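Shown next, in structure tokens, is the structure this report addresses.
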Ligand code: GLU
């Protein structure tokens with residue numbers, strides 16, 4: 001008679017270690033009570049998705065606030081889908097957002113005592129686990145060909161039965177060990193399947209830190225645990241790795257909730273306690289018709305974290321924004337804390353909205369604008385220079401024309417209690433500041449109609465501009481300059497403030513804000529610009545006068 005042990009030995013003669021050996025090799029971690037061990041487990045199949053950054057950020061936060069460990073494990077068992085170099089790229093992108101792991105696969109090397117951290121290098125470890133399951137009669141070789149599996153599926157479809165490899169449909173589960181041995185010796189191809197003891201008619205209670213306890217149908221599927229290439233599938237690798245890497249808390253996307261029954265049964269079969277599970281919401285967006293849908297790699301540029309990097313968002317702003325999605329009380333907290341530092345914020349799974357998180361670019365822009373406005377000149381200059389050099393040639397060229405000039409533009413109303421917030425992201429900067437550069441200003445003038453308020457005639461605008469050229473001095477502080485502008489305006493019949501004008505619209509031709517707008521449009525070609533007084537100081541009186549003369553000549557045409 002062929003025993004389970006004989007079969008296990010026939011399949012894995014090279015496996016000499018036992019689970020006890022692995023327990024000794026990967027002992028419990030020596031961490032303070034309550035420390036959580038979390039992990040990010042990406043597959044190297046492409047770019048870093050915003051949802052993955054979201055999950056990793058939470059993993060890092062949970063580990064650091066409990067003095068635990070956050071590690072990265074590369075799930076590279078699907079060799080067909082692997083994109084060369086993407087593992088390293090994922091780590092590089094995490095680094096940009098300051099979500100560096102403490103341990104694990106680090107892109108070009110590994111760190112830590114629980115490795116290897118690339119699943120493709122752990123084949124032997126998985127085999128130890130699978131040999132154990134074979135010996136226990138909880139796994140078996142399956143010889144079904146894809147044609148046979150297709151036939152099973154069609155029969156199930158025809159009879160409206162649950163799909164899958166289970167119960168009576170699990171043909172190879174019913175072979176004898178003698179038959180199995182014979183087929184293996186004969187050289188038949190096979191995979192190894194888990195032998196489930198469950199029935200989908202039973203309900204089990206599972207618990208999730210975000211959602212609490214809930215009921216779900218028991219697993220009844222004899223899932224594949226080892227593929228014919230000798231590598232495990234996700235489910236089994238998750239069980240082995242998170243056990244032997246001593247993960248306490250599995251934080252992953254909610255799409256894995258449906259697999260929980262499989263994972264519960266696998267941990268049971270191995271005789272291990274399962275980690276805590278935290279299934280975090282998928283990031284959604286509103287489509288054109290106002291319906292929610294998942295951020296899609298294919299349709300949405302913002303699904304890839306690289307979009308935010310290349311568009312010049314401040315990484316810290318993206319992280320702060322993601323934290324507002326993660327915890328509903330964070331936004332109030334960070335506003336109260338002047339956007340300073342999120343280290344002292346305590347993340348709490350119970351404050352997570354589990355109905356799906358809605359991506360709101362407006363809110364991200366708000367965070368980015370606030371943070372860019374609050375940066376010191378040296379910091380924003382360094383960030384802008386580095387960004388421009390890597391991603392934005394237009395800005396890079398502007399910076400390199402004259403770095404001091406560029407810094408003076410960046411420095412407009414910076415490092416003040418109430419700093420000015422002109423930029424949402426550096427991707428817009430070249431366009432916002434282009435008018436400061438003569439050739440760009442001329443280009444703008446050539447390509448656009450100046451957006452003057454049509455209630456003023458060209459003649460009136462020309463006369464107002466002329467009076468300002470002659471009567472407005474820059475050799476004074478901002479307040480006096482503004483008063484000076486009011487005086488010039490009053491002589492031409494403009495009210496010194498909007499309130500007066502509104503009260504007596506017939507007595508005035510307009511108000512001081514109208515003349516400031518005329519001047520702004522003349523000098524910058526736009527209705528919006530950084531602070532006009534500083535714009536004029538940077539341009540110099542001489543250049544402002546030249547631009548005024550030029551625009552007057554256009555108006556007189
Ligand atoms: N490799 C899996 C994925 O990329 C990991 C899921 C998990 O965190 O367990 O979806």
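Numbering (the working numbering), first residue to last: 1 to 557. For glycine and all other residues, C-beta sits at the position ideal for the given N, C-alpha and C. Note that this is a predicted model, so its numbers are computed, not measured.
Determine the DSSP secondary structure at residue i, reduced to helix, strand or coil.
i           : result
residue 249 : strand
residue 69  : strand
residue 414 : coil
residue 28  : coil
residue 457 : coil
residue 109 : coil
residue 559 : The structure shown does not extend to residue 559, since the chain is modelled only from 1 through 557, so no value can be given for it.
residue 196 : coil
residue 525 : coil
residue 354 : coil
residue 376 : coil
residue 15  : coil
residue 35  : coil
residue 53  : helix
Using a Cβ-based criterion (distance less than 7 Å to any ligand heavy atom), does residue i qualify as near the ligand GLU?
i           : result
residue 75  : yes
residue 261 : no
residue 303 : no
residue 49  : no
residue 41  : yes
residue 481 : no
residue 243 : no
residue 114 : no
residue 277 : no
residue 234 : yes
residue 264 : no
residue 238 : yes
residue 250 : yes
residue 272 : no
residue 333 : no
What does the alpha-carbon distance come out to for the pair residue i and residue j?
i           : j           : result
residue 161 : residue 111 : 48 Å
residue 586 : residue 217 : Not covered by the structure: residue 586. The range shown for the chain is 1 to 557.
residue 185 : residue 179 : 10 Å
residue 510 : residue 533 : 21 Å
residue 59  : residue 321 : 16 Å
residue 337 : residue 367 : 13 Å
residue 491 : residue 539 : 26 Å
residue 497 : residue 479 : 14 Å
residue 276 : residue 206 : 10 Å
residue 190 : residue 151 : 18 Å
residue 522 : residue 283 : 44 Å
residue 359 : residue 109 : 34 Å
residue 327 : residue 249 : 18 Å
residue 529 : residue 520 : 7 Å
residue 215 : residue 203 : 6 Å
residue 136 : residue 148 : 27 Å
residue 52  : residue 488 : 58 Å
Is residue j closer than 8 Å to residue i when the C-beta atoms are compared?
i           : j           : result
residue 364 : residue 304 : no
residue 183 : residue 222 : no
residue 196 : residue 166 : yes
residue 383 : residue 409 : no
residue 82  : residue 42  : no
residue 99  : residue 68  : no
residue 22  : residue 128 : yes
residue 143 : residue 102 : no
residue 407 : residue 381 : yes
residue 123 : residue 130 : no
residue 246 : residue 24  : no
Considering residue i, what are the terminal residues of the alpha helix (DSSP H) in which it resides?
i           : result
residue 318 : 315-326
residue 267 : 260-270
residue 552 : 541-556
residue 297 : Run containing residue 297: none; DSSP gives neither H nor E here.
residue 430 : 429-433
residue 396 : 393-401
How far does the beta strand (DSSP E) with residue i in it extend, from its first residue to its last?
i           : result
residue 284 : 283-286
residue 224 : 224-226
residue 204 : 203-208
residue 235 : First-last for residue 235: 234-244, but that is the alpha helix (DSSP H), not the beta strand (DSSP E).
residue 214 : 212-217
residue 124 : Residue 124 -> not in any beta strand (DSSP E); alpha helix (DSSP H) instead, spanning 123-135.
residue 280 : 276-280
Can you find a C-beta in chain C that's less than 8 Å from the C-beta of residue i?
i           : result
residue 243 : This model lacks chain C altogether; it includes just one protein chain.
The ligand PLP and residue i: does the residue's C-beta get closer than 7 Å to at least one heavy atom of that ligand?
i           : result
residue 216 : Only the ligand GLU can be found as ligands here, which leaves the ligand PLP out of the picture.
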